[in-house]
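Q: Pasting a structure below so you can have a look.
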Amino acid sequence: MENILELKQVTKRYGNFTALDNVSFTLHPGVTGLLGANGAGKSTLMKLMTDHMKRTGGEILWNGTDILKMGAKWRALVGYTPQLQGLYDDFSARRFLYYMGTLKGMPHREIKAQTAEMLAAVNLTDAAHKRIGTFSGGMRQRVLLASAMLGKPQVLILDEPTAGLDPGERIRIRNDIAELARDRIVLLATHVVSDIACIAKQVMVLRGGKLIAFDTPSALLAATEGKIGEFFGTYDEIRQLQAQYPSGEIAQRRDGFVLRIAADTLPEGCEPVKDAVTLEDVCRLYLKGEREYG
Amino acid sequence: MAEIRRLLLDPARLIALIMLAVINLALFSGELRSRREEEERYQMQYAEWSISREETEEDPDAHYINEEYPAYLAYVQTQSQTQSVLQKLNKAQSPFVTRNLDKTVQDYQALGKVEVESGDHRALDAVLDCTLTDILLLIAPLLLILSLTAEADTAVGALTRTTKRGRTPLCARRIFAVILFSLADVLLLYGGDFCYAVSQYGSPGLGRAIQSDPAFQLCAVRLTIGEYLIFTVLLKTLAVTVIALLVWLILSRFHPLPGWTLISVIVAGMWLCHQFVMPTSPVNHLRFLNPFAALRADEFFTGYCNLNLFQYPAGFLGSMLIAVGGLFVLLAAGCLVLVGSRYPKKRGAGMVRLFDRISKALSRHMPCHTVFGFEGWKLLFAQRAFVFVCAAIGGAFWLWNDIHISLPLSADTLMMYREFQGEITEKKLEKVTYYIESNQEYAEYLQRKLDEAIAENKDVHEISGLQKSLNEAMETLQFWQAVDTRLSELTDYTARTGLDAWFVPQESYQLLFRGNAMQRHSAMVLLLFLIFAFCGIFAFDNQYGTAALLRATKNGRFRMRLCQWLWIFLLTVFAALMLHGVYILHLAKDVEFALTEAPAQSVAFLQFLPFSVNIRTVLTVYIALRCLAAFALAAAVAGISRFSRNPSHARMISLAAFLLPSALCESGLPLPSFLNFVDALTVTVS
Ligand SMILES: Nc1ncnc2c1ncn2[C@@H]1O[C@H](COP(=O)(O)OP(=O)(O)OP(=O)(O)O)[C@@H](O)[C@H]1O
Ligand SMILES: [Mg+2]
Numbered sequence: 000m001e002n003i004l005e006l007k008q009v010t011k012r013y014g015n016f017t018a019l020d021n022v023s024f025t026l027h028p029g030v031t032g033l034l035g036a037n038g039a040g041k042s043t044l045m046k047l048m049t050d051h052m053k054r055t056g057g058e059i060l061w062n063g064t065d066i067l068k069m070g071a072k073w074r075a076l077v078g079y080t081p082q083l084q085g086l087y088d089d090f091s092a093r094r095f096l097y098y099m100g101t102l103k104g105m106p107h108r109e110i111k112a113q114t115a116e117m118l119a120a121v122n123l124t125d126a127a128h129k130r131i132g133t134f135s136g137g138m139r140q141r142v143l144l145a146s147a148m149l150g151k152p153q154v155l156i157l158d159e160p161t162a163g164l165d166p167g168e169r170i171r172i173r174n175d176i177a178e179l180a181r182d183r184i185v186l187l188a189t190h191v192v193s194d195i196a197c198i199a200k201q202v203m204v205l206r207g208g209k210l211i212a213f214d215t216p217s218a219l220l221a222a223t224e225g226k227i228g229e230f231f232g233t234y235d236e237i238r239q240l241q242a243q244y245p246s247g248e249i250a251q252r253r254d255g256f257v258l259r260i261a262a263d264t265l266p267e268g269c270e271p272v273k274d275a276v277t278l279e280d281v282c283r284l285y286l287k288g289e290r291e292y293g
Numbered sequence: 000m001a002e003i004r005r006l007l008l009d010p011a012r013l014i015a016l017i018m019l020a021v022i023n024l025a026l027f028s029g030e031l032r033s034r035r036e037e038e039e040r041y042q043m044q045y046a047e048w049s050i051s052r053e054e055t056e057e058d059p060d061a062h063y064i065n066e067e068y069p070a071y072l073a074y075v076q077t078q079s080q081t082q083s084v085l086q087k088l089n090k091a092q093s094p095f096v097t098r099n100l101d102k103t104v105q106d107y108q109a110l111g112k113v114e115v116e117s118g119d120h121r122a123l124d125a126v127l128d129c130t131l132t133d134i135l136l137l138i139a140p141l142l143l144i145l146s147l148t149a150e151a152d153t154a155v156g157a158l159t160r161t162t163k164r165g166r167t168p169l170c171a172r173r174i175f176a177v178i179l180f181s182l183a184d185v186l187l188l189y190g191g192d193f194c195y196a197v198s199q200y201g202s203p204g205l206g207r208a209i210q211s212d213p214a215f216q217l218c219a220v221r222l223t224i225g226e227y228l229i230f231t232v233l234l235k236t237l238a239v240t241v242i243a244l245l246v247w248l249i250l251s252r253f254h255p256l257p258g259w260t261l262i263s264v265i266v267a268g269m270w271l272c273h274q275f276v277m278p279t280s281p282v283n284h285l286r287f288l289n290p291f292a293a294l295r296a297d298e299f300f301t302g303y304c305n306l307n308l309f310q311y312p313a314g315f316l317g318s319m320l321i322a323v324g325g326l327f328v329l330l331a332a333g334c335l336v337l338v339g340s341r342y343p344k345k346r347g348a349g350m351v352r353l354f355d356r357i358s359k360a361l362s363r364h365m366p367c368h369t370v371f372g373f374e375g376w377k378l379l380f381a382q383r384a385f386v387f388v389c390a391a392i393g394g395a396f397w398l399w400n401d402i403h404i405s406l407p408l409s410a411d412t413l414m415m416y417r418e419f420q421g422e423i424t425e426k427k428l429e430k431v432t433y434y435i436e437s438n439q440e441y442a443e444y445l446q447r448k449l450d451e452a453i454a455e456n457k458d459v460h461e462i463s464g465l466q467k468s469l470n471e472a473m474e475t476l477q478f479w480q481a482v483d484t485r486l487s488e489l490t491d492y493t494a495r496t497g498l499d500a501w502f503v504p505q506e507s508y509q510l511l512f513r514g515n516a517m518q519r520h521s522a523m524v525l526l527l528f529l530i531f532a533f534c535g536i537f538a539f540d541n542q543y544g545t546a547a548l549l550r551a552t553k554n555g556r557f558r559m560r561l562c563q564w565l566w567i568f569l570l571t572v573f574a575a576l577m578l579h580g581v582y583i584l585h586l587a588k589d590v591e592f593a594l595t596e597a598p599a600q601s602v603a604f605l606q607f608l609p610f611s612v613n614i615r616t617v618l619t620v621y622i623a624l625r626c627l628a629a630f631a632l633a634a635a636v637a638g639i640s641r642f643s644r645n646p647s648h649a650r651m652i653s654l655a656a657f658l659l660p661s662a663l664c665e666s667g668l669p670l671p672s673f674l675n676f677v678d679a680l681t682v683t684v685s
């Protein structure tokens, strides 16, 4: 039987501020990408899914049972990387993984075997005995990722796991995640759209705490039909137009400057783009008016 | 100037300094109080004796001023004459001895006529041996040095070195700052002790000659008490500065591990020399030409000694000033050259490498595979609580040596206890009645004799002898009457309540249950341990922001918390048993807990217990209660830790919340008693 994680009208308020507003969706095995500008509520959503804080309303159901009722049983199924690095400087990478394994309630022999396996997966075997305090940002991120994957949990909740990684590592880890996601539910929040474009089965877009899109990448791309356009002109003209479309991206081509715009109705003089539409354009369309994206 | 201001007026540093001053004051006042309690017991013990003495003898102070001190000065002068006679007989004597004698005579002659005046010198005597303060004095300057060396490793350190005045001039300013900071430290801690002693005993009169205090009888320097105090402050400052500069110099030239090893060897060596080389030893240079001698300071004024410098006598104060002062100049120059101008060593790398190697070995044979084991590792090693566990063990040893319990029990009392202690039987009651009757008869007989003697106008000696015997007989009679009263009280109690009560020596129970300065001393150490060991337990997770990650795991909530609390409980009980246990063991050893199988109601202040239970059980429960009190306090510290950003934050808040009010209460400030957590930890029964 396939596992299902279902969110129904999940709401979270910090005082008067609504960080998540009636979010509902269902996750199936495979990678689900979560996109959204800074402050859109991605981390908040993930903290609710790990039951780190109280939700204001709604239900989160694992195969029909609320995760609050499952308690430790639910947490035994979850692997999580928080967005703010949560590591002890005085621990070595290996000790930290042992520690996480113990907290996950894994048997001793498992911990030892899997720690070695995960350290190899994130390419940290050589640094395993070093203090985390001496690690670079990317190395720390990889320790966190390894700790999330430890115990091969059914659900992986990854909050920007590839932030601060170099291109080589990013691709390696992306592939690892894709491999893991074959029979697991993976929710992956990121600002790097290309990560999701490569491996996500489904993409979710949050804006101001509301879920504004949830579909497969191809469906989302199809929906942008005729809404992405390019405007050629002098630099000054382009600057003028960009003032109206702040999410427009300026690019330099061989024959001058071009502004790539995403809008429901394209302005005059703008040529619609047929092919070569990317997920970035989708983001630009959904998140227009928000802070520069990507 | 800006640098000096930055280093000295850093709020965290000032708060730490003030905290140290408060801790010092609390410990010092505790020490004074326990000394006073001991004196009181001592006086009680000799009460009878001193009553008869007081009539005959004059005030000891006047005796010192009028007879003892002049006699001493005269003795010094005559001694040289006797010696020179002896010397003629014994040619083989070393030239140093003769020269030394001449110098001694000259020194005391140069002293001229010292006006010794009477006055209250208890405050001065109190600050004479505050060895604990001397050790605490070193902490704050060392923290300053540590922050300086730590800064050298950071980007700021690299940045300042590239500026124009960032090397030698900056270093010179820092040395100056270290001196000023040491002075402030000494003024605050040592000055605090003196002010506290003055508030307790009254001023010793700063204008009197120092020799007015019998403790300074041997002093060959012309000083008033005020000048002596200033001189002591300066000497202590010099010593603290020298040790701080030594640490700075070594730490900035060596990797931390060999650096600290070197520092421990040198400092421990100096300390041991000062502690264990006798003042009369032929190598007493090691004792006196030593920063720790300067730190101790007072022995240069309470004693008199000349060092043997190539067969020539050199006054020990002057020699020490030259030696330690020279060392200071050398170290300052060394710091200027080595810290200020040379390229900085890449410090810390060796430590990190060593740590890596250890942790590699450790992770290979990971001993802890349980949540409990890991939480213990986190608490003891990642948060360094093991340092404080070791310190608590050291504190227990220190207390063990520090505690003296002497009990004012006369031989009569002891004999009586041996005869009557235990269950009250008819036979014992009869025996007491018999003792009382026979003593009464004897006293009456003596009274008759005395009356006769007075009537017959007998010899004065005979009358006073009779009077004395009569007094003694009356005392014995009163003693047995008191025993009788106590026994009948106990039988009355049994008749009234139906609960058994035995006749049991109570002194040890009194001392234990009623609390006293000694036990409060242990409690203060326990309080310090609880704060320092547990302030980080939860704040550590807050500091590294791991809460979200840990809480998302299966055992990261209940089980982890449970294990953390278990560790708090275990360490608290360990420390409480050890620190309270020191006093209890002393009691058991020196005074003895008599008849622990007797019913608890035999102890007067336990008669409120409405059920029958033996003393042993009550003792066990009482000790458990103390552990529980300690655990409650530990829980409060942990609670603060839970809501603090990081461990040092939590430590500051806990110190301010628990130590500060307790220390202020302990030093005699009239604060509400519920603020005194030292009291809470001792759990007194009243
Ligand atoms: N503990 C909190 N108290 C109050 N407001 C909060 C708290 N945590 C988050 N918020 C607010 O909730 C909103 C969503 O925050 P969240 O961290 O979920 O954003 P995000 O999508 O993860 O952003 P980013 O891309 O920067 O990680 C933000 O406006 C933030 O200010
Ligand atoms: Mg976030």
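Residue numbers (numbering that gives the first Met the number 0), protein chains in the order written: chain A, 0 to 293; chain B, 0 to 685.
Every residue, glycine too, gets a C-beta built ideally from N, C-alpha and C.
Between the beta-carbon of B:I242 and the beta-carbon of B:V264, is there less than 9 Å?
A: no
Q: Taking its Cβ as the centre, do 16 or more other Cβ atoms sit within 10 Å of A:R337, making it buried, or is it exposed?
A: Here chain A has residues from 0 to 293 only, and residue 337 of chain A is not among them.
Q: Mapping DSSP to helix, strand and coil, what is A:G167?
A: Helix, per DSSP.
Q: Output needed in chain order: residues of the region 544 to 560 of chain B with a Cβ under 9 Å from some Cβ in chain A.
A: Answer set for the region 544 to 560 of chain B: G544, T545, A546, A547, L548, L549, R550, A551, T552, K553, N554, G555, R556, F557, R558, M559.
Q: Say whether the region 517 to 524 of chain B touches the region 395 to 407 of chain B, bearing in mind that this needs 3 or more beta-carbon pairs closer than 8 Å, one atom from each stretch.
A: yes
Q: Under 9 Å between C-beta atoms, does A:L86 make it to chain B?
A: yes
Q: Take B:E67 as the anchor and find which of B:Y41, B:E116, B:A20, B:Q199 has the nearest alpha-carbon.
A: B:E116
Q: Check whether the Cβ of A:D158 lies closer than 8 Å to any heavy atom of ligand 2, and answer yes or no.
A: yes
Q: If contact is defined by three or more beta carbon pairs under 8 Å, each pair taking one atom from either stretch, is the region 154 to 161 of chain A in contact with the region 187 to 197 of chain A?
A: Judged by Cβ distances under 8 Å, the region 187 to 197 of chain A makes contact with the region 154 to 161 of chain A, as three or more pairs qualify.
Q: By Cβ distance, which residues of its chain are closer than 6 Å to A:A212, with the 5 residues on each side in sequence left out?
A: V204, Y285
Q: Could you tell me whether the Cβ atoms of B:I462 and B:A472 are closer together than 9 Å?
A: no
Q: Between B:T369 and chain A, is the shortest Cβ-Cβ distance under 9 Å, so that the two count as touching?
A: Cβ-Cβ to chain A under 9 Å: yes for B:T369.
Q: Cβ of A:P261 versus every heavy atom of ligand 2: is any distance shorter than 8 Å?
A: Contrary to the premise, residue 261 of chain A reads as Ala rather than Pro in this sequence. Not so, every heavy atom of ligand 2 lies at least 8 Å from the Cβ.
Q: With a threshold of 9 Å between beta carbons, is B:F373 in contact with chain A?
A: So, interface residue.
Q: Flag A:S42 as yes when its Cβ comes closer than 8 Å to any non-hydrogen atom of ligand 2, and as no otherwise.
A: yes
Q: Determine the burial state of B:A332: buried for a count of at least 16 other Cβ atoms within 10 Å of its Cβ, exposed for fewer.
A: Label assigned to B:A332: exposed.
Q: How long is the line joining the alpha carbons of A:R94 and B:A635, rounded to whole angstroms?
A: 30 Å
Q: Using a C-beta to C-beta distance shorter than 7 Å, which residues of chain E count as neighbours of A:G104?
A: Among the protein chains of the structure shown, namely A and B, there is no chain E.
Q: Whose C-beta lies closer than 8 Å to the C-beta of B:M596 among residues of the same chain, with five residues either side of it excluded?
A: Residue 596 of chain B is actually Glu in this sequence, not Met. Within the same chain, B:E596 has close Cβ partners N613, I614, R615.
Q: For ligand 2, any of its heavy atoms closer than 8 Å to the Cβ of A:A188?
A: yes
Q: List, in chain order, every chain B residue whose beta-carbon is nearer than 8 Å to that of A:F90.
A: A381
Q: Helix or strand or just coil, what does DSSP make of A:Y87?
A: coil
Q: Nearest-angstrom Cα distance between B:S202 and B:R286?
A: For B:S202 and B:R286, the distance between alpha carbons rounds to 32 Å.
Q: Taking 6 Å as the limit between beta carbons, can you name the residues of its chain near A:G208, skipping five residues before and five after?
A: T17, A18, L19, D20, G40
Q: Rounded to the nearest angstrom, what separates A:Y97 and A:A199 at their Cα positions?
A: 30 Å
Q: With 9 Å set as the bound, which would you pick, yes or no: does the beta-carbon of A:I3 sit closer than that to a beta-carbon of chain B?
A: no
Q: DSSP on A:N174, reduced to helix/strand/coil?
A: helix
Q: Applying the 10 Å Cβ sphere with the 16-neighbour rule, what's the burial state of B:N675?
A: Burial check for B:N675: the Cβ neighbour count within 10 Å reaches 16 or more, so the residue is buried.
Q: Quick check on A:H51 - is its C-beta less than 9 Å from some C-beta in chain B?
A: yes
Q: Below 8 Å on the Cβ atoms is my contact criterion, and I expect B:G225 with B:G206 to pass it. Report the Cβ-Cβ distance as a whole number of Å.
A: 7 Å
Q: Within the continuous beta strand (DSSP E) that includes A:G29, where are the two ends?
A: Its beta strand (DSSP E) spans residues 29 to 34.
Q: Less than 9 Å separating the beta-carbons of B:L294 and B:D192?
A: no
Q: Considering just the uninterrupted stretch of the beta strand (DSSP E) at B:M523, what are its terminal residues?
A: Run containing B:M523: none in the beta strand (DSSP E); it sits in the alpha helix (DSSP H), 516 to 533.
Q: Between A:R12, A:L26, A:Q201, which has its C-alpha nearest A:G32's C-alpha?
A: Ranking the options by Cα distance to A:G32, first place goes to A:Q201.
Q: Do you know offhand how far B:R52's Cα is from B:Q216's?
A: Annotation note: pLDDT 45 at B:R52 (below 50); position unreliable, coordinate value reported separately. Cα to Cα, B:R52 sits roughly 25 Å from B:Q216.
Q: Could you tell me the distance, in whole angstroms, from the CA atom of B:V684 to the CA atom of B:L605?
A: 8 Å
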